[in-house]
Structure formats: structure tokens, C-alpha cells
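Engineer: Below is the structure I would like to discuss, written out as C-alpha cells.
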Amino acid sequence: MTGLSRDLIDALFPADLAEPAELEQRYPPRDLPAGAEVTRFAPSPTGSLHIGGVFTATVALDVARHSGGVYLVRIEDTDQARFDETSAAQFRAAFSYFGITPDESDEAYGGSPGRYGPYTQSARASLYLTYVRDLMRRGRAYPCFATKDELAEIAARQKATGALPGYYGDWAIWRDAPEDQVRERLAAGDAYVVRFRSPGLSGQRVSFTDEIRGEISFDDNRNDVVILKSSDLPRRLPTYHLAHAVDDHLMRISVVIRGEEWLSSVPLHRQLFAALEFGPIRYAHVAPLMKQDGGSRRKLSKRHDPEASVGYYIEQGFPVEAVQYYLRGLANGRLADLPLREALAQPLRLDEFGVAGPLADMVKLDDICADFIATLPGEQVIERLLPWADERDRDLAAVVRRERDVALRALTVERGDDVANPRKDLRKWADFRAVYGFFFPEMFTLVTDPADERFGGLEPELVRAMATGFAAGYVDPGPGVAWFDQVRALSAELGFAPSQKVYKKDPAAFPGSIADASAIVRVLITGTRRSPDLAAVSAALGRDEVLRRVGGIS
RNA sequence: GGUCCCGUCGUCUAGUGGCCUAGGACGUCGCCCUCUCAAGGCGGUAACGCCGGUUCGAAUCCGGUCGGGACUACCA
21 MTGLSRDLID ALFPADLAEP AELEQRYPPR DLPAGAEVTR FAPSPTGSLH IGGVFTATVA
81 LDVARHSGGV YLVRIEDTDQ ARFDETSAAQ FRAAFSYFGI TPDESDEAYG GSPGRYGPYT
141 QSARASLYLT YVRDLMRRGR AYPCFATKDE LAEIAARQKA TGALPGYYGD WAIWRDAPED
201 QVRERLAAGD AYVVRFRSPG LSGQRVSFTD EIRGEISFDD NRNDVVILKS SDLPRRLPTY
261 HLAHAVDDHL MRISVVIRGE EWLSSVPLHR QLFAALEFGP IRYAHVAPLM KQDGGSRRKL
321 SKRHDPEASV GYYIEQGFPV EAVQYYLRGL ANGRLADLPL REALAQPLRL DEFGVAGPLA
381 DMVKLDDICA DFIATLPGEQ VIERLLPWAD ERDRDLAAVV RRERDVALRA LTVERGDDVA
441 NPRKDLRKWA DFRAVYGFFF PEMFTLVTDP ADERFGGLEP ELVRAMATGF AAGYVDPGPG
501 VAWFDQVRAL SAELGFAPSQ KVYKKDPAAF PGSIADASAI VRVLITGTRR SPDLAAVSAA
561 LGRDEVLRRV GGIS
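Counted the way the numbering used here counts, the first sequence spans residues 21 to 574.
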């Protein structure tokens with residue numbers, strides 16, 4: 021393990037690279053009170069954000085904020101082939117929608133650039149090179165010229181002989197290659213990667229503490245993993261492993277909160293930290309959100325599940341607080357039993373996390389959302405609805421703005437401070453049009469055909485008689501007025517059964533029951549057979565509008 | 001295949017040797033209320049994966065087994 025000579029190594033790198041010691045000074049430990057945590061969320065820019073990302077980011081942000089620390093966003097774009105340039109805008113929109121704006125990040129992501137930037141890995145390329153060179157100079161990393169074919173062949177032989185897969189031991193053909201062989205390939209212009217010289221011995225165990233899972237032990241890493249990608253790529257970028265070590269150290273992250281899929285890489289990461297002479301870092305591995313798939317479950321996937329993308333929540337207009345409340349409940353079960361406002365204010369605790377991946381339950385989310393919106397005063401419903409509608413339903417936004425008073429009155433129907441059991445008919449802003457649209461004259465189509473199927477197949481003459489009679493004797497709803505009595509009386513006059521019970525006893529004796537009779541009025545006033553309380557709707561609509569609607573048929 | 005993680009009602013969970021004939025929430029079913037919905041009230045349904053052991057006593061501790069998941073890339 022005599023390394024390569026210094027001049028050979030240095031010739032591989034730009035001459036103006038900083039030394040590790042300089043970087044230590046440029047990015048000094050943060051001046052924060054004891055106990056303050058520095059956390060980060062590090063997504064790859066491959067399109068829209070995954071809801072699991074919002075989950076992890078929420079946790080990271082919460083841990084930082086509640087400890088008086090810093091939460092930052094770093095973009096992991098070392099895989100230039102998968103880079104999607106729409107990501108920045110989508111991420112930023114998602115952060116802002118879910119209220120998880122970073123303290124520090126590149127400007128495009130909503131945070132303010134701090135002194136630990138840049139916060140995008142491709143812009144940090146020379147930083148990684150400093151450490152790769154340093155590792156090589158100290159014999160802890162080496163160039164590897166193995167081609168894809170050679171690697172495939174090694175893997176095949178390992179499989180055939182039952183050997184453990186990987187690039188290690190005798191299989192690591194470039195690990196101790198003589199210097200002249202390296203020079204020869206270099207001179208020939210062959211492409212190479214840089215591999216970490218793993219100090220791990222086969223069979224050696226290592227253990228560490230995960231902030232969520234507690235004590236965990238693994239076989240130590242023995243693979244000489246690639247830390248710097250191929251020299252024939254347009255840009256010399258590191259793999260995730262090296263980037264993680266360099267960035268999280270230089271950004272002075274105190275606890276790495278990331279997906280569970282990284283758990284088994286921790287032994288490697290610890291070797292890297294040690295080789296790089298970085299201080300220790302803590303880890304918390306969060307289980308992924310799952311989706312029921314037939315008899316088993318799998319990770320919620322952007323490809324297959326619309327609810328995996330944050331775009332879905334934004335488009336549908338799920339209220340942020342409700343989504344946050346749901347997510348926090350999944351993180352710490354204790355919070356799911358608290359009222360929403362309290363649960364949102366309570367700190368998330370890493371050691372209270374469930375270790376198994378929870379199933380994302382959209383039905384439960386709906387319930388939480390409906391509950392939440394039901395507690396909102398009308399003014400606030402409108403205030404939250406409008407920004408959503410401006411983006412997703414401009415016609416609706418225009419109508420609600422123009423007729424704000426109508427919207428406000430509509431939102432007093434069976435809801436509001438004085439109502440014990442408010443209606444829970446809105447789960448997300450996209451529901452508004454369907455549920456409340458009929459209140460707005462401009463969005464309401466008059467029902468003019470007495471044979472309309474919404475009347476349920478009643479004789480057109482009967483429908484017309486009900487309409488005319490209702491209009492003729494119309495009494496406004498008000499205090500002390502039993503508004504529905506006028507419907508009841510008219511219904512009896514026209515021969516309808518006074519109740520479902522009576523009607524069912526002898527269906528032939530009546531054209532229908534009071535339910536069918538009131539449906540006529542309901543359809544005329546609201547356009548549908550299912551609506552909130554008619555008296556309350558009529559009060560919100562006002563006498564003129566009610567009569568205009570009922571008059572559509574006579 | 002190997003390594004690791006995980007395993008309580010359909011779902012999220014409470015539960016850390018006796019308070020457990022296993023509690024709550026969502027769902028679901030039934031009833032009540034009722035002019036239709038949305039709600040609301042009341043009630044029901046339903047789980048400790050399995051097998052051994054330790055113990056006076058186990059959902060809780062141990063071993064095994066089965067099942068699920070992650071990783072095993074020059075993707076992150």
C-alpha cells in the first residue's frame with residue numbers, strides 16, 4: 021500500500037486546488053448555542069418533489085428550528101444525466117406551499133445563501149477534488165481503469181464461485197497496481213475513476229447509533245467504492261458517498277436526517293469520515309412512506325402513485341396544516357392524538373419515530389382535511405381558496421372575488437362559530453366549485469325543463485305545480501319561521517305522502533313522498549338533489565334569487 | 001444469494017413482565033336523528049405472524065421460524 025508518487029497524482033488535478041486545511045478555515049464550525057442542531061434536506065433535481073421528501077424535510081426543519089439551529093437545502097445534482105431543469109421551480113413551489121422554506125440554500129430554493137455555500141453540488145466540484153487529491157496523496161484512494169466489461173466479468177465470476185460481490189481484495193485489480201502501469205494507461209488517455217481504498221476487513225463488525233433506531237451493527241464495508249466518477253465525463257463530479265462526507269462536514273451538519281435506504285451505507289460513510297479526518301456526525305434514518313400493493317406493500321412511487329408527488333397536493337389544494345398534521349402524526353404517533361394546532365407546535369422527536377414504513381392513508385388525510393377546513397371561519401376559507409384558485413381555477417377565483425359577499429354567506433350555511441357540528445364537505449380547495457358553486461348566480465344554470473331527470477321522473481305537471489305553488493306562497497326564512505312548513509304544506513296539497521314510511525306502505529297511493537316533493541324545490545334552488553339545508557341556502561341566496569331560480573320552470 | 005431493518009385491529013398506533021377479558025383514532029357495519037346531503041349521537045366489527053423457551057405470570061425477555069422492506073450502481 022505504498023501510494024503513487026506525488027507528482028503523478030498532482031498532475032491529475034488542477035493546480036489551484038485548495039488544501040483541506042484551507043477549507044477547514046473557510047468553513048469553520050458554526051457559532052451556535054449548545055444543543056442547536058444543523059440539519060439539511062438534500063434532494064436530487066429529478067423533477068417534482070416526492071411527498072416523502074416533504075416528510076423528511078419537515079422533520080429536518082423541525083429538529084433544527086426547535087433546537088435553535090439551522091436548516092439548509094442542498095441540491096444533489098452529481099448525476100448530470102438525470103438532471104431535470106424544472107426541478108428548481110417545482111422544489112421552490114413545494115417548499116413554499118408546505119411552509120418548509122430553508123434558512124440556508126441557493127437563492128433559487130427560497131433560502132438565503134449563507135457562508136457555507138454554494139448549496140448545489142455541481143458548483144462545489146473543486147471542493148471534492150481537494151479531498152480526492154488529498155486521499156490519493158495519502159494512499160487512501162487510487163485510480164481504477166477497469167472497464168464496464170471487466171467489472172461485469174468480475175461480478176460474473178464472483179457469482180459463479182459464490183464469492184461476495186464487490187470490488188475488494190484480489191478482485192480489486194487496480195488497488196495495488198504498479199505505478200508504471202498507471203502511467204501507461206494515463207498516457208494512452210484511458211478513462212479512470214477514483215476509488216476509495218477501504219480499510220475494512222471481511223467479516224469485521226462495526227456498530228453505531230442511529231438517532232431513530234438506536235444501536236445497529238453491520239459487517240464493515242470492504243468495498244473500494246468509486247468516489248470520483250469517470251474522467252471521460254464532461255464534469256469531474258463525485259459519487260454520493262464522497263459528496264455526502266465532504267458537504268455534510270463542510271456545512272457543519274450535526275445530524276444527517278435521510279431516507280432509510282442509506283442505512284446500510286453507514287459503515288462506508290464512517291470509513292470515509294475517518295479517512296478524511298472529519299469529526300463524527302450523527303445519523304437518523306427515516307423509513308419511507310409506503311403504498312399498499314396487492315398483498316404486500318412497497319415504497320410510494322412517483323411513477324405509479326399520483327399521491328406520491330407534491331404536485332398532486334398542490335393541484336388539489338390540500339390545506340397545508342392538515343397535510344403537515346398528518347405527516348407529523350406518522351412521524352410521532354403521540355402527535356396524532358393531539359389537536360391540530362398543538363400538534364403543529366410540538367417538537368418532533370427523533371427517538372419517537374416509528375421504524376417501520378407507514379402506509380400513506382389518503383382516506384385518513386381526507387378526514388383530517390375536512391375536519392380542519394370545517395374549523396375555519398368563512399373569511400379564512402376564502403383567503404386560502406383564492407391563492408389556490410388563482411393558479412388552478414381562474415374563473416372560480418374571479419367569481420369569488422366579484423361576489424365575495426355571496427361566498428361569505430354561502431360559507432355560513434351550517435357552519436361558523438355558532439354551529440355545533442359544522443359541515444365537513446370541503447377536503448381540499450378543488451372541492452369548492454362542486455360543493456359551493458351553485459350559490460353564485462353566474463355559476464348556476466337555471467333548471468327550466470319540468471321533465472328534467474333530476475326531478476326523479478315525476479310528472480312534469482306535478483313538478484310545475486310544485487314550483488308555481490312554492491313561488492306564489494314563498495315565505496322568507498327568518499327567526500321564528502318554520503321555513504320548511506311551506507314545502508310540507510304544498511307537498512300535502514299535491515298529494516305527496518307526508519313521510520317515507522307512509523309512502524312505502526302504499527306507494528301506489530302517492531306520486532311520491534315528501535322527500536320527492538322537496539327534491540323538486542331543492543333541484544330548482546341548488547341544481548342538485550343533494551344539498552345543505554334548504555332554509556339556510558335560501559337565506560344565503562336571498563328572496564329574489566330564490567324566486568328567480570324557482571321561476572325558471574313556470 | 002448475502003447483509004441489515006421491521007412485524008399489535010383493514011390503516012396509523014398506545015403498550016417497555018401483572019393495571020390487557022389489549023386502549024384510541026381513521027375506515028367499515030348497524031341503529032338513532034332526518035325533506036336530500038354533509039355532519040352529529042349510540043352501538044358493533046376487528047389485532048399481539050407462528051413455534052418453542054424463561055417466569056407464579058409475556059404483546060412485553062430469549063431462541064428459532066415465517067412474512068414484509070431496504071441495500072448489494074461511475075442513481076441518489
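Think of the CB as a built atom: it goes at the ideal place given N, C-alpha and C, for glycine as much as any other residue.
Where does G189 sit, in a helix, a strand or coil, going by DSSP?
Structural biologist: Reduced to three states, the DSSP call for G189 is helix.
Engineer: According to the neighbour-count rule (16 or more other Cβ atoms, all chains shown, within 10 Å of its Cβ), is D82 buried or exposed?
Structural biologist: By the neighbour-count rule (16 or more Cβ atoms within 10 Å), D82 is buried.
Engineer: When you compare each of V522, D413, R50 to H269 by their alpha carbons, which one comes out closest?
Structural biologist: With distances taken between Cα atoms, H269 lies closest to R50.
Engineer: Using the Cα positions of A307 and D313, report the straight-line distance between them to the nearest angstrom.
Structural biologist: Those two C-alpha atoms are separated by around 17 Å.
Engineer: What does a CB cutoff of less than 8 Å around R85 pick up in its chain, not counting 5 residues either side in sequence?
Structural biologist: Excluding residues within five positions, the ones whose Cβ falls inside 8 Å are Y91.
Engineer: May I have the straight-line CA-CA distance separating D210 from F165, to the nearest angstrom?
Structural biologist: Those two C-alpha atoms are separated by around 7 Å.
Engineer: Whole-angstrom Cβ separation of D536 and G476, contact assumed at under 8 Å?
Structural biologist: Indeed they touch by this definition, with Cβ atoms about 6 Å apart.
Engineer: I need the DSSP call for Q312, collapsed to helix, strand or coil.
Structural biologist: Looking at Q312 - three-state DSSP - the assignment turns out to be strand.
Engineer: How is A517 classed by DSSP in three states: helix, strand or coil?
Structural biologist: Three-state DSSP puts A517 in a strand.
Engineer: Any idea what DSSP makes of Y91, helix, strand or coil?
Structural biologist: It is a strand residue.
Engineer: What did DSSP end up calling Y129 once you bin it into helix, strand or coil?
Structural biologist: Looking at Y129 - three-state DSSP - the assignment turns out to be helix.
Engineer: Is the distance from the Cβ of V213 to the Cβ of K249 below 8 Å?
Structural biologist: Their beta carbons are under 8 Å apart, which means V213 touches K249 by this criterion.
Engineer: Using a threshold of 8 Å, state whether the C-beta atoms of P326 and Y333 are closer than that.
Structural biologist: No, the pair does not count as a contact, with Cβ atoms beyond the cut-off.
Engineer: Out of P53, V375, M382, E473, point me to the one whose CA is closest to K448's CA.
Structural biologist: Minimum Cα distance to K448 is reached at M382.
Engineer: From the DSSP secondary-structure annotation, give me the bridge partner or partners of E303.
Structural biologist: It should be noted that the sequence gives Tyr, not Glu, for residue 303. According to DSSP, Y303 bridges with D230, V276.
Engineer: For S64, which residues of its own chain have a beta-carbon under 6 Å away from its beta-carbon, when the five flanking residues on both sides are left out?
Structural biologist: So the qualifying residues of the chain are E96.
Engineer: Measuring only the C-alpha atoms, how far is A454 from T140?
Structural biologist: C-alpha separation (whole angstroms): 43 Å.
Engineer: DSSP on A555, reduced to helix/strand/coil?
Structural biologist: Correct three-state label for A555: helix.
Engineer: Taking C-beta to C-beta, are S284 and F216 nearer than 8 Å?
Structural biologist: In this structure, F216 does not lie closer than 8 Å to S284 by Cβ.
Engineer: Of all the options P185, R302, G279, which has the alpha carbon lying nearest to the alpha carbon of F228?
Structural biologist: It is R302 whose Cα lies nearest to the Cα of F228.
Engineer: Looking at C-alpha atoms only, which residue of D472, E341, R195, I573 is the closest neighbour of I120?
Structural biologist: Of the listed residues, the one whose Cα sits closest to I120 is E341.
Engineer: Taking the C-alpha atoms as reference points, what is the distance between D437 and G398?
Structural biologist: The alpha-carbon atoms of D437 and G398 are separated by roughly 10 Å.
Engineer: What are the boundary residues of the beta strand (DSSP E) that P163 is part of?
Structural biologist: Element bounds for P163: 161-164.
Engineer: Grab me the residues of P34's own chain with a C-beta within less than 8 Å of its C-beta, minus the 5 sequence neighbours each way, in chain order.
Structural biologist: Answer for P34: S146, L149, listed in chain order.
Engineer: Taking 7 Å as the cut-off, is the C-beta of V495 nearer than that to any heavy atom in the ligand COA?
Structural biologist: What this structure holds is no ligand at all, so the ligand COA is not there to describe.
Engineer: To which residues of the same chain is T546 closer than 7 Å at the C-beta, ignoring the five residues directly before and after it?
Structural biologist: Excluding residues within five positions, the ones whose Cβ falls inside 7 Å are F458, V557.
Engineer: Can you tell which of D240, P254, E231, P300 has the C-alpha that lies nearest to the C-alpha of H264?
Structural biologist: Cα-wise, what sits closest to H264 is P300.
Engineer: Shortest alpha-carbon distance to A418 belongs to which of L406, D425, R429, L428?
Structural biologist: Cα-wise, what sits closest to A418 is L406.
Engineer: For K322, count the other beta carbons within 10 Å of its own beta carbon; 16 or more makes it buried, fewer makes it exposed. Which is it?
Structural biologist: Under this definition K322 is a buried residue.
Engineer: Would the region 42-62 and the region 267-281 be scored as touching if the rule is three or more Cβ pairs under 8 Å?
Structural biologist: They touch, by the three-pair rule.
Engineer: Candidates D553, L206, P48: which alpha carbon is nearest G137's?
Structural biologist: The shortest C-alpha separation from G137 is found at P48.
Engineer: Between which two residues does the alpha helix (DSSP H) containing T488 stretch?
Structural biologist: That run of the alpha helix (DSSP H) goes 480-492.
Engineer: Hey, F589 and P122: beta-carbon distance below 8 Å or not?
Structural biologist: Outside the modelled stretch of the chain, which goes from 21 to 574, sits residue 589, for which no answer is possible.
Engineer: Using the beta-carbon count (16 or more within 10 Å), is E235 buried or exposed?
Structural biologist: E235 should be labelled exposed.
Engineer: Could you tell me whether the region 24-41 touches the region 68-81, using the rule of 3 or more Cβ pairs below 8 Å?
Structural biologist: The region 24-41 vs the region 68-81: no contact.
Engineer: From this set, A555, S538, V375, F118, which residue's C-alpha is nearest S519's C-alpha?
Structural biologist: Measuring from the Cα of S519, the nearest candidate turns out to be S538.
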